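Heads up, the thing below is written out as structure tokens.
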Amino acid sequence: MTVDIAIKEVEYNLKLVFLGPPGAGKGTQAAYIAEAGAIPTISTGAMLREAIANKTELGKLADSLISKGELVPDEVIIGVVKDRLKLDDCKNGYILDGFPRTVKQAEALDEMLPDAIDIALSLEVPDEDIIERLTGRRECEKCKATFHIKNNPSTKGDICDKCGGKLIQRADDSAETIKNRMSVYHAQTEPIKDYYKKLGKLVCVDGVGSVEQVRTALFKALGL
């Protein structure tokens, strides 16, 4: 089955996995697609950050690894995702953001749910653009809204436009950590593209440009 046919058949039951380096804009673009298709975005990063904030055992383990730019063990992430996909809001499709991050995870997902993924959507962004994006990213301490000191600044400086909370730089957005994260991505995550390409599910989209330009390209690729 070709990708074009798959998109038409699952237009209202779309199961996507978002691929691309950290900072490629996966979360931002996933939100647009989720709204268009009325499906949830499942971000393992958001789930892990919540666990870190709540200081759960998983959160403590994740914090020690993420702060150094390392990946959380496969068995932990797979368990978290499996439980999440059982919830009722996933019955009509979903978008996976941040999982799978390794070929082993992709294989485990297919074993767990053979029809878990219809399309693997990869946002292509050069390393130098990623470094600029992430070092300038800021997140609200309260509502978790994201801004960028250059591309999407808050009109209130270091204060969130949405809720008035303080904007901070996440620990995993420091220059040293970003370089480590990129090395990890190229070594462990990028090979997933070949995995899904062999299955005929890979769709690559240029992630360089304005949010609107990238969104238009993604919607065109998905036929939305």
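In this text, residue positions in the sequence shown follow our numbering: the first is 441, and each later residue adds one.
Just so you know, even glycine gets a beta-carbon here, dropped at the ideal spot from N, CA and C.
Bear in mind that the values here come from a model prediction, so they are computed numbers and not experimental data.
(1) Once you ignore the five residues that flank Val543 on each side, which residues in its own chain have a CB closer than 7 Å to its CB?
(2) Can you give the Cα-Cα distance for Ala491 and Phe539, rounded to whole angstroms?
(3) Determine the closest residue to Phe606 out of Cys583, Lys619 and Met622, with distance taken between C-alpha atoms.
(4) Pick from Asn591, Thr575, Ser623 and Val565: whose alpha carbon is nearest that of Cys644?
(5) Can you have a look at Asp646 and say buried or exposed, based on whether 16 or more other CB atoms are within 10 angstroms of its CB?
(6) Starting from Leu505, follow its DSSP beta bridges and name the residues at the other end.
(7) So if DSSP puts Thr481 in a beta bridge, which residue, or which two residues, is it bridged to?
(8) Among Leu501, Thr617 and Lys596, which has the Cα closest to the Cα of Pro462?
(9) Can you tell which of Asp613, Ala486 and Glu551 has the C-alpha that lies nearest to the C-alpha of Lys508?
(10) Just to check my reading of the structure: Ile608 and Glu572 have Cβ atoms closer than 8 Å, yes? What is that Cβ distance to the nearest angstrom?
(11) Buried or exposed for Met552, please, with buried defined as at least 16 other CB atoms from any protein chain shown within 10 angstroms of its CB.
(12) Can you name, in chain order, every residue of its own chain whose Cβ lies under 7 Å from the Cβ of Ser594, other than the five neighbours on each side?
(13) Using only CA atoms, which one of Asn592, Arg541 and Asp537 lies nearest to Lys466?
(14) With H, G and I counted as helix, E and B as strand and the rest as coil, what does DSSP make of Val457?
(15) On the three-state DSSP scale, how would you describe Asp550?
(16) How should Gly477 be labelled, buried or exposed, when 16 other C-beta atoms within 10 angstroms of its C-beta is the threshold for buried?
(17) Mind checking Ser623: buried by the 16 CB within 10 Å criterion, or exposed?
(18) Under 8 Å between the Cβ atoms of Leu662 and Ile473?
(19) In or out: Thr496 buried (at least 16 other Cβ within 10 Å) or exposed?
Once the coordinates are examined:
(1) Pro631, Ile632 and Tyr635
(2) So the alpha carbons of these two residues sit roughly 16 Å apart.
(3) Correcting the residue identity first, residue 606 is Lys in this sequence and not Phe. For the residues Cys583, Lys619 and Met622, the minimum Cα distance to Lys606 belongs to Cys583.
(4) Among Asn591, Thr575, Ser623 and Val565, the Cα nearest to that of Cys644 belongs to Val565.
(5) Exposed, because fewer than 16 other Cβ atoms sit within 10 Å of the Cβ of Asp646.
(6) The partner list for Leu505 (beta bridge, DSSP) is empty, contrary to what the question assumes.
(7) Ile535
(8) Looking at the Cα atoms, Thr617 is the closest of the given residues.
(9) Just measuring C-alpha positions, the residue of Asp613, Ala486 and Glu551 sitting nearest Lys508 is Asp613.
(10) Going by Cβ atoms, the distance from Ile608 to Glu572 rounds to 19 Å, so no, they are not a contact pair.
(11) exposed
(12) Phe587, Cys600, Asp601 and Leu607
(13) Asp537
(14) Secondary structure at Val457: strand, using DSSP grouped into helix, strand and coil.
(15) helix
(16) buried
(17) exposed
(18) yes
(19) So Thr496 ends up on the exposed side.
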